[in-house]
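Note sheet for the following structure.
Residue numbers (the numbering used here): 396 to 633.
Below, the structure is given as structure tokens:
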């Protein structure tokens with residue numbers, strides 16, 4: 396994230412998500428409504444999305460993403476829950492802004508790709524980063540990883556809100572149950588106090604604190620809380 400470094404998927408997808416939300420805000424009828432600014436944000440989101448596709452960082456037909464470009468402008472880096480999820484959320488918000496169901500339908504491709512066990516991002520119905528299943532448990536990886544699964548969980552919730560579907564209710568419930576059962580590091584689903592509700596990044600399996608390659612951080616706590624809130628919303632709508 397420095398001048399001179401290659402573009403990457405997550406930054407562009409987050410930008411698209413942001414400007415699409417700004418476009419929605421300006422498209423309304425309240426005191427912040429502005430047709431000209433709404434058109435400007437819509438155009439910005441569209442240009443950035445088109446660039447992500449033309450660069451090869453995302454594939455709107457398959458739902459596959461790459462992490463970044465190398466210094467030869469080649470798309471490299473395997474997909475992770477956060478890149479898939481943030482691209483999905485960007486498409487959802489663009490679809491809501493432009494009233495184009497095609498964008499929202501494409502978002503489901505990215506969500507569903509994560510849910511295919513063969514792609515290594517889900518284990519027994521619970522999200523994981525691919526390195527979690529490896530011997531080193533993500534040793535040497537960036538602490539940014541602690542927020543990744545929460546971004547994906549939010550994308551699934553946003554897709555249901557945009558489509559008025561309950562397709563991912565079971566997924567959201569499964570994540571919440573796994574977080575309480577595994578991410579606290581406390582057996583017996585004990586999450587009665589702030590101390591016992593310390594949430595790690597490991598949702599799919601309970602990992603003892605001494606074995607955690609990436610320990611709990613404010614990011615992992617926020618990610619887990621996002622999933623718990625989304626599951627609460629799913630249960631109320633179910």
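Ideal placement from N, C-alpha and C gives every residue a C-beta, glycine not left out.
Using the Cα positions of residue i and residue j, report the straight-line distance between them to the nearest angstrom.
i	j	result
residue 415	residue 406	14 Å
residue 491	residue 557	7 Å
residue 626	residue 619	11 Å
residue 442	residue 410	11 Å
residue 498	residue 515	25 Å
residue 605	residue 493	49 Å
residue 560	residue 423	24 Å
residue 578	residue 522	12 Å
residue 529	residue 438	42 Å
residue 445	residue 512	29 Å
residue 543	residue 425	34 Å
residue 622	residue 508	19 Å
residue 573	residue 525	17 Å
Could you give the C-beta distance for residue i and residue j, rounded to a whole number, given that I count them as a contact under 8 Å?
i	j	result
residue 538	residue 551	Not really, about 24 Å apart at Cβ, beyond 8 Å.
residue 486	residue 502	4 Å
residue 548	residue 567	7 Å
residue 461	residue 455	No, residue 461 and residue 455 are not in contact; Cβ-Cβ is about 13 Å, not under 8 Å.
residue 463	residue 401	6 Å
residue 608	residue 531	6 Å
Pick helix, strand or coil for residue i, following the three-state DSSP scheme.
i	result
residue 468	coil
residue 477	helix
residue 587	coil
residue 598	coil
residue 529	coil
residue 490	helix
residue 410	helix
residue 615	helix
residue 427	coil
residue 448	helix
residue 603	coil
residue 579	coil
residue 553	helix
residue 443	helix
residue 499	helix
residue 511	coil
residue 609	coil
To which residues of the same chain is residue i closer than 6 Å at the C-beta, ignoring the five residues directly before and after it?
i	result
residue 615	541, 594, 595, 596
residue 520	569
residue 505	458, 479, 482, 483
residue 412	484, 485, 488
residue 417	436
residue 510	517
residue 440	411, 414, 415, 489
residue 396	Residue placement at residue 396 cannot be trusted, given a pLDDT of 49 that sits under 50; what the coordinates show is reported in the next sentence. Counting only Cβ-Cβ distances below 6 Å, and skipping sequence neighbours, we find nothing.
residue 546	477, 480, 481
According to DSSP, what are the bridge partners of residue i?
i	result
residue 460	453
residue 521	518
residue 539	Note: residue 539 sits in no beta bridge, so no partner.
residue 403	463
In chain order, what residues of the same chain lie with their CB nearer than 7 Å to the CB of residue i, ignoring the 5 residues before and after it?
i	result
residue 421	427, 428, 429, 432, 433, 436
residue 403	462, 463
residue 527	533, 597, 599
Among the residues of its own chain, which have a CB less than 8 Å from the CB of residue i, if the five just before and after it don't count?
i	result
residue 495	489
residue 468	401, 450
residue 471	461, 462, 463, 464, 465
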